[in-house]
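Here is the structure we will look at, set down as C-alpha coordinates.
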Amino acid sequence: MKVQDLIEEIRKNVEKVANVKAIFGEVVKLDNISIIPVASIHFKGGGGGGTGETGNDKKSGEAENVDVEKQSSEKAKKIKKGKGTGGGGGADVTADPVGYIEIKDDYTNFIHIVDKNKIAQKSVRLIAIIFICMTVRSIFRRKKKK
(Lines of atoms letter the chains of each structure in order from A; the text may use other names.)
(Lines give C-alpha, C1' and ligand atoms only; values in the text may rest on other atoms or scores of the structure.)
Protein backbone atom coordinates (compact mmCIF):
# COMPACT_ATOMS: atom_id res chain seq x y z
CA MET A 21 0.00 0.00 0.00
CA LYS A 22 1.38 3.39 -0.97
CA VAL A 23 1.71 6.15 1.63
CA GLN A 24 -0.84 8.32 -0.19
CA ASP A 25 -3.37 5.48 -0.14
CA LEU A 26 -2.76 4.91 3.57
CA ILE A 27 -3.25 8.60 4.36
CA GLU A 28 -6.48 8.67 2.35
CA GLU A 29 -7.77 5.59 4.20
CA ILE A 30 -6.97 7.19 7.57
CA ARG A 31 -8.72 10.42 6.52
CA LYS A 32 -11.87 8.50 5.55
CA ASN A 33 -11.93 6.65 8.88
CA VAL A 34 -11.43 9.87 10.88
CA GLU A 35 -14.33 11.50 9.02
CA LYS A 36 -16.59 8.62 10.08
CA VAL A 37 -15.74 9.11 13.77
CA ALA A 38 -15.07 12.83 14.15
CA ASN A 39 -18.29 14.46 13.07
CA VAL A 40 -21.01 16.67 14.52
CA LYS A 41 -22.97 13.72 15.93
CA ALA A 42 -19.92 12.64 17.91
CA ILE A 43 -19.53 16.11 19.44
CA PHE A 44 -23.22 16.90 19.90
CA GLY A 45 -25.06 13.74 20.89
CA GLU A 46 -28.62 12.79 20.04
CA VAL A 47 -31.29 15.10 21.46
CA VAL A 48 -33.06 13.69 24.52
CA LYS A 49 -36.59 15.04 25.12
CA LEU A 50 -38.28 15.00 28.53
CA ASP A 51 -41.68 16.72 28.65
CA ASN A 52 -40.96 20.34 27.66
CA ILE A 53 -37.15 20.07 28.06
CA SER A 54 -34.70 19.04 25.35
CA ILE A 55 -31.15 18.05 26.30
CA ILE A 56 -28.24 17.87 23.86
CA PRO A 57 -25.05 16.24 25.21
CA VAL A 58 -21.77 17.95 24.22
CA ALA A 59 -18.37 16.25 24.04
CA SER A 60 -14.82 17.24 23.23
CA ILE A 61 -13.01 15.00 20.77
CA HIS A 62 -9.23 14.83 20.48
CA PHE A 63 -7.49 13.04 17.63
CA LYS A 64 -3.74 12.48 17.68
CA GLY A 65 -1.81 10.54 15.14
CA GLY A 66 1.59 10.07 13.68
CA GLY A 67 3.62 7.85 11.52
CA GLY A 68 6.84 7.45 9.73
CA GLY A 69 8.80 5.30 7.43
CA GLY A 70 12.23 4.83 6.10
CA THR A 71 14.36 3.14 3.55
CA GLY A 72 18.06 2.91 3.10
CA GLU A 73 21.21 0.91 2.73
CA THR A 74 23.59 0.32 5.60
CA GLY A 75 27.12 -0.92 5.92
CA ASN A 76 30.73 -0.04 5.32
CA ASP A 77 30.59 -0.14 1.55
CA LYS A 78 28.19 2.69 0.88
CA LYS A 79 28.19 2.06 -2.87
CA SER A 80 26.88 -1.49 -2.69
CA GLY A 81 25.17 -1.27 0.68
CA GLU A 82 27.17 -4.06 2.29
CA ALA A 83 26.85 -4.34 6.07
CA GLU A 84 29.49 -5.78 8.36
CA ASN A 85 28.57 -8.53 10.84
CA VAL A 86 31.14 -10.08 13.17
CA ASP A 87 30.97 -13.89 13.30
CA VAL A 88 30.66 -14.47 17.05
CA GLU A 89 31.90 -18.08 16.85
CA LYS A 90 35.15 -17.08 15.14
CA GLN A 91 36.12 -13.87 16.90
CA SER A 92 39.92 -13.83 16.75
CA SER A 93 42.76 -11.41 16.30
CA GLU A 94 42.03 -11.32 12.57
CA LYS A 95 38.42 -10.29 13.34
CA ALA A 96 36.65 -12.79 11.14
CA LYS A 97 33.76 -11.12 9.41
CA LYS A 98 30.73 -12.01 7.38
CA ILE A 99 29.69 -9.60 4.70
CA LYS A 100 25.97 -9.23 4.25
CA LYS A 101 24.05 -7.09 1.81
CA GLY A 102 22.08 -4.49 3.70
CA LYS A 103 18.93 -2.83 2.48
CA GLY A 104 15.97 -1.86 4.54
CA THR A 105 12.54 -0.39 4.53
CA GLY A 106 10.16 0.13 7.38
CA GLY A 107 7.25 2.08 8.58
CA GLY A 108 4.79 2.46 11.35
CA GLY A 109 2.04 4.60 12.68
CA GLY A 110 -0.52 5.02 15.33
CA ALA A 111 -3.50 7.08 16.35
CA ASP A 112 -5.47 7.90 19.45
CA VAL A 113 -9.00 9.26 19.61
CA THR A 114 -10.53 10.34 22.91
CA ALA A 115 -13.93 11.82 23.65
CA ASP A 116 -14.66 13.56 26.93
CA PRO A 117 -18.06 14.86 28.05
CA VAL A 118 -17.98 18.64 28.37
CA GLY A 119 -21.55 19.42 29.31
CA TYR A 120 -25.02 19.61 27.87
CA ILE A 121 -27.34 22.14 26.29
CA GLU A 122 -30.69 22.47 28.02
CA ILE A 123 -33.57 23.86 25.96
CA LYS A 124 -36.82 24.87 27.72
CA ASP A 125 -39.55 26.80 25.94
CA ASP A 126 -37.81 30.16 25.22
CA TYR A 127 -34.73 29.43 27.34
CA THR A 128 -31.43 27.83 26.28
CA ASN A 129 -28.57 27.17 28.68
CA PHE A 130 -25.23 25.38 28.44
CA ILE A 131 -24.35 23.49 31.61
CA HIS A 132 -20.66 22.69 31.93
CA ILE A 133 -19.68 19.39 33.55
CA VAL A 134 -16.79 19.87 35.98
CA ASP A 135 -14.42 16.91 36.07
CA LYS A 136 -13.14 16.85 39.65
CA ASN A 137 -10.54 14.20 38.78
CA LYS A 138 -8.90 16.47 36.21
CA ILE A 139 -8.82 19.33 38.71
CA ALA A 140 -7.19 17.05 41.30
CA GLN A 141 -4.63 15.77 38.78
CA LYS A 142 -3.69 19.28 37.71
CA SER A 143 -3.35 20.34 41.35
CA VAL A 144 -1.00 17.44 42.08
CA ARG A 145 1.08 18.31 39.00
CA LEU A 146 1.30 21.94 40.07
CA ILE A 147 2.43 20.98 43.58
CA ALA A 148 5.06 18.63 42.09
CA ILE A 149 6.37 21.39 39.80
CA ILE A 150 6.59 23.84 42.71
CA PHE A 151 8.44 21.23 44.80
CA ILE A 152 10.91 20.52 41.98
CA CYS A 153 11.55 24.25 41.44
CA MET A 154 12.18 24.80 45.15
CA THR A 155 14.56 21.82 45.27
CA VAL A 156 16.53 22.99 42.24
CA ARG A 157 16.69 26.51 43.68
CA SER A 158 18.05 25.25 47.01
CA ILE A 159 20.69 23.13 45.21
CA PHE A 160 21.92 26.15 43.25
CA ARG A 161 22.00 28.29 46.40
CA ARG A 162 24.18 25.69 48.16
CA LYS A 163 26.59 25.62 45.22
CA LYS A 164 26.87 29.44 45.24
CA LYS A 165 27.78 29.48 48.96
CA LYS A 166 30.71 27.08 48.39
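Here this note's numbering is used: the first residue of the sequence shown is 21, the next is one more, and so on.
C-beta atoms are modelled at their ideal positions from N, C-alpha and C, and glycine is treated no differently.
The three-state reading of DSSP puts V134 in coil, since its state is none of H, G, I, E or B.
At least 8 Å separates the beta-carbon of Y127 from that of P57. In this structure, E122 is the residue among V144, E122 and H132 with its C-alpha nearest to the C-alpha of D51. The beta carbon of V37 is closer than 7 Å to those of V113 in its chain, skipping five residues each way along the sequence. C-alpha of Q141 to C-alpha of G72: approximately 44 Å in a straight line. Annotated as proximal: I61 and I43, with beta-carbon spacing under 8 Å. For V34, the uninterrupted alpha helix (DSSP H) segment begins and ends at V23 to V37.
Taking C-beta atoms as the reference points, G66 and G106 fail to come closer than 8 Å.
Close CB contacts of D125 within its chain, under the 7 Å cut and outside five residues either way in sequence, are with N52 (chain order). The DSSP-derived three-state label of V47 is coil. Per DSSP, the continuous beta strand (DSSP E) segment holding D112 begins and ends at K103 to K124. Under the criterion of beta carbons closer than 8 Å, P117 and I133 qualify as touching, at roughly 5 Å. Taking the C-beta atoms as reference points, A115 is found nearer than 8 Å to A59.
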